[in-house]
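From first to last, the protein sequence lines are chains A and B.
Counting from 1, position 77 in the first sequence corresponds to residue 60 in the working numbering; the numbering is continuous, with no gaps.
Just so we're on the same page, the working numbering is the position in the second sequence counted from 1, plus 6.
Glycine included, each C-beta is placed from N, C-alpha and C at the ideal position.
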Amino acid sequence: MDPSSGDLAKAVDARTPLPGNHSPADTPGGIGSDQMKVQTMKLKASNVNFFYGGFHALHEINLQFSANKITALIGPSGCGKSTFLRSLNRLHETIRGARLEGTIVLDNENILAMNASALRRRVGMVFQRPNPFPKSIFDNIAYGPEINGMGNHQHVAELVEQSLIRAALWEEVKDKLHQSAYGLSGGQQQRLCIARALAVNPEVLLLDEPCSALDPIGTAKIEELLFTLKDQCTIVIVTHNMQQAARVADYTGFFLMGKLIEFDDTKKIYTTPGKKETEDYITGRFG
Amino acid sequence: MTRSGAWKSVMNVLMFSLTGLCTLFTIGTLLFILGYLVSHGASALNWAFFTKLPVPVGEIGGGMANAIVGSAKVLLLATLIGVPIGFLGGVYLNEYAGAAAAFVIRYATDLLNGVPSIVIGIVVYTLVVHPMGHFSTVSGGVALGIMMIPIAVRSTEEFLHAVPNSLREAATALGASKWKTIVTVVVPAAITGIITGTMLDLARVAGETAPLLFTALNNQFWSAGWSHPTATLPVMIFAYAIAPYDDWHRQAWAAGFVLLMFVLAINITARFILSRASYAPRGMV
Ligand SMILES: Nc1ncnc2c1ncn2[C@@H]1O[C@H](COP(=O)(O)OP(=O)(O)OP(=O)(O)O)[C@@H](O)[C@H]1O
Ligand SMILES: [Mg+2]
């Protein structure tokens, strides 16, 4: 089931704009079944199986991510959302005994054959808890460009400013760039982490429950930010918060016990889910 | 009150008093040693102690300038040997070693830490002093350097372990390779703690005497160089304390006092640095 399947035309008809969702997809003529066919697939996972030692954590996942769209991954705790997300930038390779089978393709290139550092530069990640380095705000953002040799000090300084502007944090921190990042609030730290990820100009941004440690205001800021970012990158967000998925995502995938149960247009998932399990989860009957 | 209730309250009072007394004894011992050293050592201390060489038997006065410099040289060399090896070993242990290797390394460092210092002295005597043909400052540094390794390994490991994994993941996700992550994020996050651990490690070996008896030996004069014997404070204390001259006893007390002050100063500075670590991750200090 990928978004280019015929079901989508129906799904689009069922769309009703949700409050707070101002994504371009909502504008008339945004997504139609015809446009869907020309829409580029940025990232494509085929027959992905994942093992932690002997534990089979993901079963035959087939999932595609459209360029410049936001895709949400939802599902109960322990169903493998993070595991799947982390295999998209091969972060699982830092875990002993973790093994990935299948293929994941980024712009027609198999990521498993790529240099891991090069891949991770193109596929950025933001984690559940804000994890700034114990360095200054400036040095946090400059870290990525510096280790990837992206130009001289002048250029890095420009990247830092740009990234903070993109992450909607510039106004709040421009006068204290050289203070410790630990002086920022949780929400600011998370935007700092987004800015840090943006500084290397990733094509794909993976977010693993980025708002779970934040209050509603911090959450709203991040969600707003995601809309502005999607022009520049493809976004995959794991969330436990169903409203959040409904608000921000163009597409939603529902995971259950290591399997992808359903993947479709967000409106379709939330209004007329195709599977009983999805409906049960969304209506809060479990999870 | 029932009988068993009375018994319980007696036991309570007894345990409270017994544990309290033992604690008092511990603190009292420290205070006694400090007081004794201050009263005997501080009074024996004078400017000449820091600036003059020892004087021949029979003469009064003189100092231990050569032993102070000798101790400094031996400890410097020990740090140069023990700290890099211990630090890199600790990095390997925490960042690279698998569970089985880590177990073996920890076990080995603990055993090495438990090797009596006099045994390390004999080994260095056999491996360094004997081939060189004479006692030397270098061999003293080697002996104390070896003694510094296990603690350096374990304290490095401990402080690296306290660096949250989320920082490693953040760096990795930005494209940093493993060694780059270690060099640019993990070690800087732990460096204050590692430096503190090193200082405490140094303070611990500063008073070691036995291994120096076989290696740096002693010297009544200025050492002729790194490959020659040198006086050190602990060995001087030993030599002067067992000699039958009152003035030497006085100087031994003074040397003990200086050594103690040195160790205390390092300890206090180290703890101060650790408490002021501004960039240590949360929960680490
Ligand atoms: N490092 C690991 N070693 C072994 N098993 C793991 C590891 N990480 C995760 N798992 C297991 O893999 C399964 C999927 O975990 P994962 O973290 O991907 O779930 P999740 O959907 O992200 O859950 P949550 O919503 O709680 O974050 C779980 O059963 C978990 O216990
Ligand atoms: Mg998770």
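- Against chain A, a Cβ distance below 9 Å from alanine 182 of chain B picks out Ser100, Arg103, Tyr126, Gly127, Ile130 and Asn131.
- In the three-state scheme derived from DSSP, where H, G and I count as helix and E and B as strand, valine 121 of chain B is classed as coil.
- The beta carbon of threonine 211 of chain A lies closer than 6 Å to none in the same chain, with the five residues before and after it left out.
- Lysine 186 of chain B reaches chain A at Ile130, counting residues in chain order whose Cβ is nearer than 8 Å.
- Note that the C-beta distance between leucine 266 of chain B and leucine 43 of chain B is below 8 Å.
- Take the alpha-carbon of isoleucine 53 of chain A and the one of arginine 79 of chain A: they are about 31 Å apart.
- Closer than 8 Å at the C-beta level to chain A, one finds these residues of the region 192 to 213 of chain B: Pro194 and Ala195.
- Measuring C-alpha to C-alpha distances from alanine 71 of chain B to each of B:Pro170, B:Phe278, B:Val264 and B:Val192 identifies B:Val264 as the nearest.
- Looking at the DSSP output, glutamine 47 of chain A sits in a beta bridge with A:Lys27.
- Burial of tyrosine 264 of chain A is indicated by the presence of at least 16 other C-beta atoms within 10 angstroms of its C-beta.
- About 28 Å separates the beta carbons of tryptophan 254 of chain B and valine 144 of chain B, which is beyond the 8 Å limit, so they are not a contact pair.
- By the rule of a C-beta closer than 7 Å to any heavy atom of ligand 2, the residues picked out are A:Lys64, A:Ser65, A:Gln111, A:Asp191, A:Glu192 and A:Val221.
- Look at methionine 70 of chain B here: in three-state DSSP terms it is coil, with no helix or strand label.
- The CB of phenylalanine 48 of chain A never comes closer than 8 Å to any CB in chain B; the least such distance is about 17 Å.
- As the crow flies, the alpha-carbon of glycine 201 of chain A is around 45 Å from that of isoleucine 111 of chain B.
- When CB distances to chain A are screened at a threshold of 8 Å, the residues of the region 164 to 182 of chain B falling below it are Pro170, Ser172, Leu173, Arg174, Glu175, Ala176, Ala177, Thr178, Ala179, Leu180, Gly181 and Ala182, in chain order.
- Taken atom to atom, the span from the alpha-carbon of leucine 188 of chain A to that of leucine 102 of chain A is near 12 Å.
- Taking non-hydrogen atoms of ligand 1 into account, the C-beta of alanine 28 of chain A is found less than 7 Å away from none of them.
- Beyond the five residues adjoining it in sequence on each side, glycine 257 of chain A comes within less than 6 Å, by CB distance, of Glu245 in the same chain, given in chain order.
- In the structure shown, the three-state DSSP call for lysine 242 of chain A is strand.
- Residue ranges of uninterrupted alpha helix (DSSP H) with 4 or more members, entirely inside the region 143 to 186 of chain A and ordered along the chain, are 153 to 156 and 169 to 181.
- Taking a contact to require three or more Cβ pairs closer than 8 Å, the region 161 to 170 of chain B and the region 94 to 103 of chain B qualify as touching.
- In terms of Cβ geometry, arginine 174 of chain A and leucine 142 of chain A do not form a close pair [threshold 8 Å].
- In the structure shown, methionine 97 of chain A falls within a coil segment according to DSSP collapsed to helix, strand and coil.
- Only buried fits glycine 241 of chain A, as 16 or more other CB atoms lie within 10 angstroms of its CB.
- Put simply, the backbone Cα of alanine 216 of chain B is about 10 Å away from that of alanine 149 of chain B.
- A straight line joining the alpha-carbon of proline 113 of chain A with that of isoleucine 218 of chain A spans about 18 Å.
- Residues of chain B with a Cβ closer than 8 Å to the Cβ of leucine 74 of chain A are, in chain order, Glu175, Thr178 and Ala179.
- At least one heavy atom of ligand 1 sits closer than 7 Å to the Cβ of isoleucine 78 of chain A.
- Glycine 127 of chain B and alanine 84 of chain B have their C-alpha atoms roughly 13 Å apart.
- Annotation: Cβ neighbours of threonine 190 of chain B in chain A (cutoff 9 Å, chain order): Phe116, Tyr126, Glu129 and Ile130.
- With its beta carbon less than 8 Å from one in chain B, glycine 107 of chain A belongs to the interface.
- Contact check for leucine 51 of chain B and alanine 260 of chain B: beta-carbon distance about 5 Å, within the 8 Å limit, so the pair qualifies.
- Isoleucine 200 of chain B and phenylalanine 268 of chain B have their C-alpha atoms spaced approximately 20 Å apart.
- For the region 63 to 95 of chain A, the beta-carbon criterion of a distance under 8 Å to any beta-carbon of chain B is satisfied by Asn72, Leu74, Thr77 and Arg79.
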